[in-house]
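Each protein sequence line maps, in turn, to chains A and B. All residue numbers for the first sequence refer to this note's numbering, where the first residue is 1 and numbers rise by one. All residue numbers for the second sequence refer to this note's numbering, where the first residue is 1001 and numbers rise by one. Ideal placement from N, C-alpha and C gives every residue a C-beta, glycine not left out. The structure under discussion appears below in the form of structure tokens.
2 protein chains.
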Amino acid sequence: MKTGTIVGAGLAGSLWAVYLAKAGYKVTVFERRPDIRKAEISAGKSINLALSERGWTALREVGLDRMVEDLAIPMYGRIMHDEKAKLTFQPYGEEGQAIFSVSRGGINARMMDAAEQSGDVTIHYNHQCVDVDFENTKVTLLNKETNETIEHQSDVVFACDGAFSAVRYNGFQKVDRFNFSQNYIADGYREILLPANEDGSYKLDKNALHIWPRGEFMLIALANEDGSFTCTLFMPFENHEYSFDKLNSRDDVDQFFREVFPDFHAMMPDVADQWETHPLSSLALMRCYPWTHENFALLGDAAHATVPFYGQGMNASMEDCYVMGQLMKKHNENWTEVFKEYQEVRKPNGDALQDLSVHNYKVMRDLVADPHFLLKKKFEHRIHDLYPEKYLSLYSMVSFSNIPYAEAMQKGKEQDDFIEKIMRENDIEARFENDTIDELIHSIFQAEAV
Amino acid sequence: MKTGTIVGAGLAGSLWAVYLAKAGYKVTVFERRPDIRKAEISAGKSINLALSERGWTALREVGLDRMVEDLAIPMYGRIMHDEKAKLTFQPYGEEGQAIFSVSRGGINARMMDAAEQSGDVTIHYNHQCVDVDFENTKVTLLNKETNETIEHQSDVVFACDGAFSAVRYNGFQKVDRFNFSQNYIADGYREILLPANEDGSYKLDKNALHIWPRGEFMLIALANEDGSFTCTLFMPFENHEYSFDKLNSRDDVDQFFREVFPDFHAMMPDVADQWETHPLSSLALMRCYPWTHENFALLGDAAHATVPFYGQGMNASMEDCYVMGQLMKKHNENWTEVFKEYQEVRKPNGDALQDLSVHNYKVMRDLVADPHFLLKKKFEHRIHDLYPEKYLSLYSMVSFSNIPYAEAMQKGKEQDDFIEKIMRENDIEARFENDTIDELIHSIFQAEAV
Ligand SMILES: Cc1cc2nc3c(=O)[nH]c(=O)nc-3n(C[C@H](O)[C@H](O)[C@H](O)COP(=O)(O)OP(=O)(O)OC[C@H]3O[C@@H](n4cnc5c(N)ncnc54)[C@H](O)[C@@H]3O)c2cc1C
Ligand SMILES: Cc1cc2nc3c(=O)[nH]c(=O)nc-3n(C[C@H](O)[C@H](O)[C@H](O)COP(=O)(O)OP(=O)(O)OC[C@H]3O[C@@H](n4cnc5c(N)ncnc54)[C@H](O)[C@@H]3O)c2cc1C
């Protein structure tokens, strides 16, 4: 029987197990943590995440979309909260288009269930990969309950062990000519749980992603199923007017929220008491190449961990599974061929994902409060309404399509130059006001067509 | 008694042991390899290296310069060998200034001797560092002879374990917010030993560094004490008209040397037979920060491994020792203070060292064969002769001074712009020919002074 090993049962690993099982492999998964379905533990990192088209596409391919649907809370746009508690809504896409807030633990558990049901899949928990043997396609695991070390051999190994991948550190990184970087950004994050109202209802509109953009830092909130919101403060660690190192006491924190996020403070006056519930965490970009070596491949964050500002890390990881699945069929499971094409095709997209993610921090914390940016978005949406085939905004290409990230980024740049030029040459605001915006758009796009 | 641990007894570790012993520390050194003074093994990497002012300064500080002097063969300039075997000499600096070819094993052995003589230093060979414990200032060592693992504790630990530092991989790299990259360049290298003549004499002028610049690749040669030369071919691994992947058979190699390095082939007609004597090796830049954590510090290649094209890796590593030594005195061995200033001061210089090294590959393989570049060098030397206080070429700042690398690089850029401008506005070649070059230089520098 064909055998495959997966290291890590996180978002990529649990999904890839389904793909591999469906292809008839005997799959062995090793996961460092206990089973999150049984233990009262966090699934790590953020508590909820934004799932968008690429994720859905990868889930759909193996029939998992329906298993996940009831976990997913649609978010149709952003709601910005300014310093005076004034709200502004900005749709993400067309009417009805949304990205979805899902619980990390929830989706991970469903994918584990699906993996176990879909074929010959065994997940070993509390098994930490500590070494790899490329030559013999083996991984070494430390059983954290018994403290014993075992070896496991298979035809092919997939490292889905996340940003701090042990397979990458202990294996790939020692391979000659393996390029690698780990780059921490100057900002960290801390989560805060905004509880539901006493009657279980939401304190904010649940169908939007909430942002308190403050220029150099921001607070965001995504709804959970139980009426609460998981809120995340992203901010520099140090050396700024507002940075984590300035918030040392209960009073510092209280005053900071009262002053900077007044509507949030009003909803959660005890925010300072909850401050230490979650740790202050750092954010890094991991870049490397090659992504495959002998019979080993890196998938997901192990290959291209990024900062979370485009809400695409999980989506990209799932897309890795989708692409690997397509290539597995295309090359008839000749893994040498599959891996070659996988890394050549995916690497530029991993790099673009990271560039897009870094850039979007500026968008979220700063530009969404900028009138010019909002007008541009409105203009873009109108263009898309009139010429849906011809114009898709960068955000839509990333979140509502499966256009490869690198292509989306390139097209996005060209479009941005084009839009900026039109905006310099025309008074778009006036055009909207006096209802001549469509005229302008038609004149441009009909001229373009010629 | 004050105690210090050094991991790695290479070029930085053996020198730093001397510094630390002189400061009254009980020093324990752990070295992975056997004692190179006893075993018939290579000291690793290149067989000889260019030692220049920064290295001498660091050696002098602890009285080691005299121990090394008799190993050192002065090289007063470069001799370029073109495709027609025509030779061009270009001095490195002023009359009498030289960089020095030294044997890696030789200088390493002398520094080990000195370390053992200079105080309470014990070097444990065949001891490989496999783990670190920051909290308790401990390192874990695998005794490669007995296969036993031991722990060693001390006041302070210095990681001098080179480009692939185990302390960095197993310790620093796991520290939150540690930035790191390992970047392999597209080129590799292979060494070739050009033997002495039968009577023991040199086949080439020993007092120069020989270069066969060929645009995208190059061969270089540095003299050894025994009449031989260590030659190194630097060339892309693949995807070029000339790259290592094209040289697969004895015939390929023979034809390549015959065609591209005819004078070399004439001296060593059996080059193809010697081809496999040394391995094909890769070249990487390692960049990281911070360089210190708790009571641990990275020194030498562990902190800033670079490509060898400026002949400065060892010199920079020795300069680390010198700077650390100065700071140790300045801060009265308060290691927190010492480490803070060490990394703040040295990091920009490590980065500059790497930028300079990368750039100098182009200089060596390509520009030294370019008439404009050679004329510029000649012009620079003349300026320096006339205004020695005011003008030092970049090469001289790097190789014949202790001006920090970052400062040298910055000044070098400004000077280059300045010289290029003068060369655009004046016919320098004609000025040399009709003996009016000094006039020009005086007119510029006197105008400058105003
Ligand atoms: C604050 C934050 C917010 C985010 N928000 C979003 C979002 O809104 N949308 C989105 O698409 N993405 C988001 N992401 C990114 C997303 O979390 C990751 O891209 C995604 O988790 C990657 O999946 P993965 O399976 O590659 O890694 P992980 O989900 O990290 O899974 C790795 C698994 O491997 C296990 N493991 C690790 N080491 C070993 C070992 N040695 N042996 C065995 N098992 C091991 C881990 O326990 C874990 O289960 C966010 C990330 C962060 C940090
Ligand atoms: C081809 C080439 C040519 C070069 N030419 C020049 C030149 O002309 N001039 C110049 O200045 N520089 C040159 N360099 C650079 C120079 O070799 C390095 O900068 C220098 O060796 C760095 O010294 P180091 O002590 O930091 O590292 P190394 O000299 O590499 O010493 C590291 C030591 O640590 C030991 N070690 C490694 N891992 C462990 C472990 N886990 N436990 C215990 N011990 C360990 C190693 O065995 C070794 O002895 C060249 C480099 C190369 C590759």
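Using DSSP with H/G/I as helix, E/B as strand and the rest coil, what is alanine 166/A? helix
Aspartate 176/A versus chain B: which residues are under 7 Å apart at the beta carbon? Ser1282
Buried or exposed: where does arginine 66/A fall if 16 or more other Cβ atoms within 10 Å of its Cβ makes it buried? exposed
Please check if any C-beta of chain A sits within less than 7 Å of the C-beta of tyrosine 1181/B. For the record, residue 1181/B in the displayed sequence is serine; it is not tyrosine. Serine 1181/B counts as touching chain A.
Assuming the contact rule is C-beta atoms closer than 8 Å, leucine 1299/B and alanine 1012/B should be a hit. Round their C-beta distance to whole Å, please. 5 Å
Starting from tyrosine 1405/B, find everything on chain A with Cβ-Cβ shorter than 7 Å and list it in chain order. Within 7 Å Cβ-Cβ: nothing; tyrosine 1405/B doesn't reach chain A, min ~22 Å.
Expressed to the nearest angstrom, what Euclidean distance is found between the alpha-carbon atoms of asparagine 1183/B and asparagine 295/A? 23 Å
Just confirm the distance between the C-beta atoms of alanine 1009/B and glutamate 1040/B, as a whole number of angstroms; I'd bet it's less than 8 Å. Not quite, the Cβ-Cβ distance comes to about 17 Å (not below 8 Å), so this is no contact.
Starting from leucine 80/A, trace the beta strand (DSSP E) in both directions and tell me its first and last residue. Note that residue 80/A is methionine in the sequence shown, not leucine. Methionine 80/A -> beta strand (DSSP E) spans 77-81.
Using a Cβ-Cβ distance cut-off of 7 Å, determine whether tyrosine 1242/B contacts chain A. no
Assuming phenylalanine 1379/B contacts isoleucine 1428/B (C-beta within less than 8 Å), just tell me the rounded distance between them. 5 Å
Got a sec: which bits of the segment 184-208 of chain A sit with their beta carbon under 8 Å from any beta carbon on chain B, in order along the chain? Tyr184
Taking only runs that begin and end inside the segment 1120-1178 of chain B, name each unbroken beta strand (DSSP E) of 3 or more residues, in chain order. 1121-1124, 1127-1133, 1138-1143, 1149-1153 and 1156-1159
Length-filtered (3 minimum) beta strand (DSSP E) runs lying within the segment 1030-1116 of chain B: 1048-1051, 1073-1075, 1077-1081, 1087-1091 and 1099-1103
Assess, as a yes-or-no matter, whether the segment 112-125 of chain A is touched by the segment 15-29 of chain A under the definition of 3 or more beta carbon pairs within less than 8 Å. yes
Distance check for asparagine 1136/B and glutamate 1337/B, CA to CA, integer angstroms please. 19 Å
Quick one: measure Cβ to Cβ for tyrosine 1405/B and leucine 1356/B, integer angstroms, because I've assumed they're closer than 8 Å. 6 Å
Reduced DSSP secondary structure (H/G/I, E/B, other) of methionine 409/A: helix
Just checking my contact of aspartate 1133/B with glycine 1004/B at CB under 8 Å: how many whole Å lie between their CB atoms? Not quite, the Cβ-Cβ distance comes to about 16 Å (not below 8 Å), so this is no contact.
CA-to-CA distance, aspartate 1273/B to serine 1249/B, given in whole angstroms: 10 Å
For ligand 1, is there any heavy atom lying closer than 6 Å to the beta carbon of aspartate 205/A? no
Proximity winner among Arg1037/B, Ile1099/B and Arg1287/B, relative to valine 1307/B (alpha-carbon distances): Arg1287/B
Leaving out the 5 sequence neighbours to the left and right, which residues in its chain are closer than 6 Å to serine 317/A when beta-carbon positions are compared? Leu11, Ala12 and Gly300
Just the Cα atoms here: how many angstroms apart are glutamate 1238/B and aspartate 1417/B? 35 Å
Among Arg424/A, Phe400/A, Tyr395/A and Tyr387/A, nearest to histidine 442/A - alpha-carbon criterion: Tyr387/A
Can you tell me where the beta strand (DSSP E) holding isoleucine 1006/B begins and where it ends? 1003-1007
Just to check, is the beta-carbon of arginine 32/A closer than 6 Å to a non-hydrogen atom of ligand 3? Ligands displayed in this structure: ligand 1 and ligand 2; ligand 3 is not among them.
Methionine 397/A in three-state terms, based on DSSP: helix
Proximity below 7 Å, CB of leucine 1283/B to CB of isoleucine 1150/B: no
Ligand 2 heavy atoms versus the CB of leucine 141/A: any closer than 6 Å? no
Might you give, ordered along the chain, the residues of its own chain that have their beta carbon closer than 7 Å to the beta carbon of isoleucine 108/A, omitting 5 neighbours on each side? The displayed chain sequence assigns asparagine, not isoleucine, to residue 108/A. These residues qualify, in order along the chain: Gly10, Leu11, Ser14, Ile36 and Ala43.
Using a Cβ-based criterion (distance less than 6 Å to any ligand heavy atom), does leucine 1219/B qualify as near ligand 2? no
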